[in-house]
Amino acid sequence: MQECRIAAHEIACRRGERVLFRGLSLALHPGDALHVKGANGIGKSSLIRILAGLLPPFAGDVRRTGPVGLIDERPALDPHLPLGRALAFWQRMDGPADSEIARLGLSHLLDVPVRYLSTGQRKRAAFARLLGQAAPIWLLDEPLNGLDADAARLGEDLVGEHCAQGGICIIASHQPFELKGMGRLELSGFAS
Amino acid sequence: MIGRLAGLLRRDLGLLLLGGRRGGAMLPVLFFLAVAMLFPFAVGPDADLLRRTGGGVIWIAALLAAILPLDRLVEPDIELGFFDQWALRGISEEWVIAVRMVAHWLSFGPPLMLAALPASALLGLDGTTLRTVELGLLAGTPGLAALGIIVAAITTGLRGGAALAGLLVIPLAVPLLVFGAGSLASAGESGLALTGAVSLVLLAIAPFAAGAAIRAARG
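Taken in order, these protein sequences are the chains called W and X.
So for the first sequence, numbering that gives the first Met the number 0 puts the first residue at 0; every next one is plus one.
So for the second sequence, numbering that gives the first Met the number 0 puts the first residue at 0; every next one is plus one.
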């Protein structure tokens, strides 16, 4: 796996007139996983977007080495296209990497238009997109939302395998996420 | 990078040209023909009047037809998270917009130029006027495409953005219309050249203006 690292130094996040959190620092090295916890609206998604470089931090700075893969509530798949073709678009963007379609239980859904898929099926499709990207840094915003128990366990396994191969994973979720040796970060400790 | 841009173009053409999302390329063309067809009913069957005003009517119809697809140019891809995923892969908003501008023009420029043939017959235009109209559309529709992309990107995320986009495009399209339709009345070749010049300026600005607008909408 590609060389990867992600570090944030004293970052603060402001949404509108409110500062959601401040003084947050973290550093992750290859193989590390971190679970960011906190109540709704505390800024978990904003933190993920700041770490991904999609949102500028109100203060502080973020350093990344290596490409970032992101899962959030939007699957970035064309709703009118059959799942297979919607995923094929990202395959053309990312190059050939194994998306583990069969393991994610998507094989029989490839002909179904994305708009007819359930929330959980879309989430699994987002995992397929993420795996196909083969990015060393994973930023997952509520990755288990809508997944049934089996699929949630599969999600945990995928993250475990990714970190075992030297990847980095940061998960923002209010749900429990079971992974050995995983770091925890309670975002409410940085609320202002 | 070239392969990725080709992939983008392929998806954009699928969405805009083949009517992936709502309507597709036929809708602006039918709208354009409907306007050209209604005009003689409205002003009466005076052949001389139609011949004199017909070219201008085609231009107005082209402008209105170019406004139709604006709401599906940028906004759906932001809502679905495509722009974020592209940004993470190092594909800048500017590149995406440049590619989409090409696809958008292909989806309405050439079809409108084809539709101008039956429209000119409905309005009784002669061969010389038709030639000027076609050349003017060739010079002007890329500018309309660029303008449409800029405005669609700026109004994205605003409530009533689609209606606002249409309202914003019309005054901004005045230079194109003045030179493009003006080339019919008097200016001739120089009018066509100025239409092309306005188009080129808009084409050059569009990726950067629209890219900045999309990044600003993210915050």
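Even for Gly, the Cβ is constructed at its ideal location relative to N, Cα and C.
Can you pull the chain W residues whose beta carbon is under 9 Å from the beta carbon of X:GLY156, in chain order? Stepping through the second sequence from its first residue, residue 156 of chain X is reached at position 157. Around X:GLY156, no beta-carbon contact reaches into chain W at under 9 Å, the shortest distance being about 14 Å.
Would a check of beta-carbon distances place W:MET92 closer than 8 Å to chain X? Here residue 92 of chain W is taken as the residue at index 93 of the first sequence, counted from 1. So yes, W:MET92 belongs to the interface.
Meets three-Cβ-pair contact criterion under 8 Å: the stretch 39 to 56 of chain X and the stretch 106 to 124 of chain X: yes
Under 8 Å from the C-beta of X:LEU79: neighbouring residues of chain W: For this step, residue 79 of chain X is matched to residue 80 along the second sequence. Residues of chain W passing the Cβ test: ARG73, PRO74, ALA75, LEU76, ASP77, PRO78.
Below 7 Å CB to CB, which residues in the same chain sit around X:PRO39 once its five sequence neighbours on both sides are set aside? What you label residue 39 of chain X is simply residue 40 of the second sequence in a count that begins at 1. Counting only Cβ-Cβ distances below 7 Å, and skipping sequence neighbours, we find LEU49, LEU121, LEU122.
Should the stretch 43 to 56 of chain W be called in touch with the stretch 64 to 79 of chain X, which here means at least 3 C-beta pairs below 8 Å? No, because fewer than three Cβ pairs between the stretch 43 to 56 of chain W and the stretch 64 to 79 of chain X fall closer than 8 Å, the two stretches do not touch.
Compare the C-beta of W:LEU27 against all C-beta atoms of chain X and say whether one is closer than 8 Å. Looking up residue 27 of chain W in the first sequence gives position 28. Output row for W:LEU27: interface = no.
First and last residue of the alpha helix (DSSP H) that includes W:LYS122? Here the question's residue 122 of chain W lines up with position 123 in the first sequence. 118 to 132 is the span of the alpha helix (DSSP H), which, as asked, contains W:LYS122.
Residue range of the alpha helix (DSSP H) that X:HIS103 falls in? The sequence position of residue 103 of chain X within the second sequence is 104, counting from 1. Note, X:HIS103: alpha helix (DSSP H), 92 to 122.
Close-in-space but distant-in-sequence residues of the same chain around X:LEU146 (CB under 7 Å, 5 per side omitted): For this step, residue 146 of chain X is matched to residue 147 along the second sequence. Correct list, in chain order: VAL168, LEU171, ALA172, LEU201.
Can you tell me which of the three DSSP states W:THR64 falls into? Walking along the first sequence from the start, residue 64 of chain W turns up at place 65. If DSSP states are grouped into helix, strand and coil, W:THR64 belongs with the strands.
Determine the direct distance from the alpha carbon of X:LEU4 to that of X:TRP94, and round the result to whole angstroms. Numbered from 1 along the second sequence, position 95 holds the residue referred to as residue 94 of chain X. Numbered from 1 along the second sequence, position 5 holds the residue referred to as residue 4 of chain X. Approximately 8 Å between the Cα atoms of the pair.
Alpha carbon to alpha carbon, how far is W:GLU99 from W:PRO142? Give it in angstroms, no decimals. Mapped onto the first sequence, residue 142 of chain W falls at position 143. Mapped onto the first sequence, residue 99 of chain W falls at position 100. Between W:PRO142 and W:GLU99, the C-alpha separation is close to 17 Å.
Does any residue of chain A have a CB that is nearer than 8 Å to the CB of X:ARG10? Protein chains W and X are contained in the structure displayed, whereas chain A is not.
Three-way DSSP call (helix, strand, coil) for X:GLY55 in this model: Position 56 of the second sequence, counting from 1, holds the residue named residue 55 of chain X. Helix at X:GLY55.
Exposed or buried, what is X:LEU116 when buried is set at 16 or more other beta-carbons lying within 10 Å of its beta-carbon? The residue you call residue 116 of chain X lines up with position 117 of the second sequence. With fewer than 16 other Cβ atoms within 10 Å, it is exposed.
Taking C-beta pairs closer than 7 Å, name the residues in chain W that X:ALA152 reaches, listed in chain order. Working through the second sequence from its first residue, we reach residue 152 of chain X at position 153. The contacting residues do not exist; X:ALA152 stays about 17 Å from chain W at best.
Could you check whether the Cβ of W:LEU33 sits closer than 8 Å to any Cβ belonging to chain X? On the first sequence, position 34 is the one that residue 33 of chain W refers to. Chain X, which has no Cβ nearer than 8 Å to the Cβ of W:LEU33, makes this no.
Measuring CB to CB, does X:THR154 end up less than 8 Å from X:LEU175? On the second sequence, position 155 is the one that residue 154 of chain X refers to. On the second sequence, position 176 is the one that residue 175 of chain X refers to. Against a cut-off of 8 Å, the Cβ pair of X:LEU175 and X:THR154 comes out as no contact.
Alpha carbon to alpha carbon, how far is X:ALA144 from X:LEU113? Give it in angstroms, no decimals. As a first step, residue 113 of chain X is located in the second sequence; it is residue number 114 there, counting from the start. As a first step, residue 144 of chain X is located in the second sequence; it is residue number 145 there, counting from the start. Rounded to whole angstroms, X:LEU113 to X:ALA144 spans 17 Å at the Cα level.
Chain X contact for W:PHE88 (CB, 8 Å cutoff): For the purposes of this step, residue 88 of chain W is taken as the residue at position 89 of the first sequence. Using a CB distance cut-off of 8 Å, W:PHE88 counts as an interface residue toward chain X.
Count the other CB atoms, across all protein chains shown, that sit within 10 Å of the CB of W:SER45; report buried if there are 16 or more and exposed otherwise. Here residue 45 of chain W refers to the residue found at position 46 when the first sequence is read from its first residue. Burial call: buried.
For W:LEU54, return the contacting residues in chain X, with the cut-off set at a CB-CB distance below 8 Å. Working through the first sequence from its first residue, we reach residue 54 of chain W at position 55. Under the 8 Å cutoff, chain X gives ARG217, GLY218.
Relative to chain X, which residues along the stretch 38 to 66 of chain W have a C-beta separation below 9 Å, given in chain order? ARG48, ALA51, GLY52, LEU53, LEU54, PRO55, PRO66
Report the option in W:ALA85, W:CYS3, W:ILE169 whose CA atom is closest to the CA atom of W:ASP110. Here residue 110 of chain W is taken as the residue at index 111 of the first sequence, counted from 1. For W:ASP110, the closest of W:ALA85, W:CYS3, W:ILE169 by C-alpha to C-alpha distance is W:ALA85.
Could you give the distance in angstroms between the alpha-carbon of W:LEU153 and the alpha-carbon of W:GLY159? As a working mapping, residue 153 of chain W is identified with position 154 in the first sequence. As a working mapping, residue 159 of chain W is identified with position 160 in the first sequence. Cα to Cα, the separation comes out at about 10 Å.
When you compare only the Cα positions, how much space is there between W:GLY30 and X:PHE31? Translated into positions along the first sequence, residue 30 of chain W becomes position 31. Translated into positions along the second sequence, residue 31 of chain X becomes position 32. Roughly 59 Å separates the two Cα atoms.
Minimum Cβ-Cβ distance from X:LEU87 to chain W less than 8 Å: Position 88 of the second sequence holds residue 87 of chain X. Chain W contact via Cβ: present.
What do you reckon, are the CB atoms on X:ALA205 and X:ILE90 nearer than 8 Å? Here the question's residue 205 of chain X lines up with position 206 in the second sequence. Here the question's residue 90 of chain X lines up with position 91 in the second sequence. No. Outside cutoff.
Please list, in chain order, the chain W residues whose beta carbon lies closer than 8 Å to that of X:ARG99. Start at 1 with the first residue of the second sequence, and residue 99 of chain X comes out as number 100. Simply none; closest approach about 14 Å.
Residue ranges of each beta strand (DSSP E) within the stretch 154 to 181 of chain W, 3 or longer: 167 to 171
On the three-state DSSP scale, how would you describe W:HIS107? The count along the first sequence starts at 1 and reaches residue 107 of chain W at position 108. The answer is helix: DSSP assigns W:HIS107 an H, G or I state.
Going by DSSP, which residues form a beta bridge with W:ASP140? For the purposes of this step, residue 140 of chain W is taken as residue 141 along the first sequence, with counting starting at 1. DSSP lists W:ALA171 as partners of W:ASP140.
With a threshold of 8 Å, are at least 3 pairs of Cβ atoms found where one atom belongs to the stretch 127 to 141 of chain X and the other to the stretch 178 to 197 of chain X? yes
For W:ALA75, three-class secondary structure by DSSP: Here residue 75 of chain W refers to the residue found at position 76 when the first sequence is read from its first residue. When DSSP states are grouped into helix, strand and coil, W:ALA75 belongs to the coil group.
So the candidates are W:ILE5, W:GLU185, W:ASP77; which of them puts its Cα closest to the Cα of W:ARG114? The sequence position of residue 114 of chain W within the first sequence is 115, counting from 1. The option with the nearest alpha carbon to W:ARG114 is W:ASP77.
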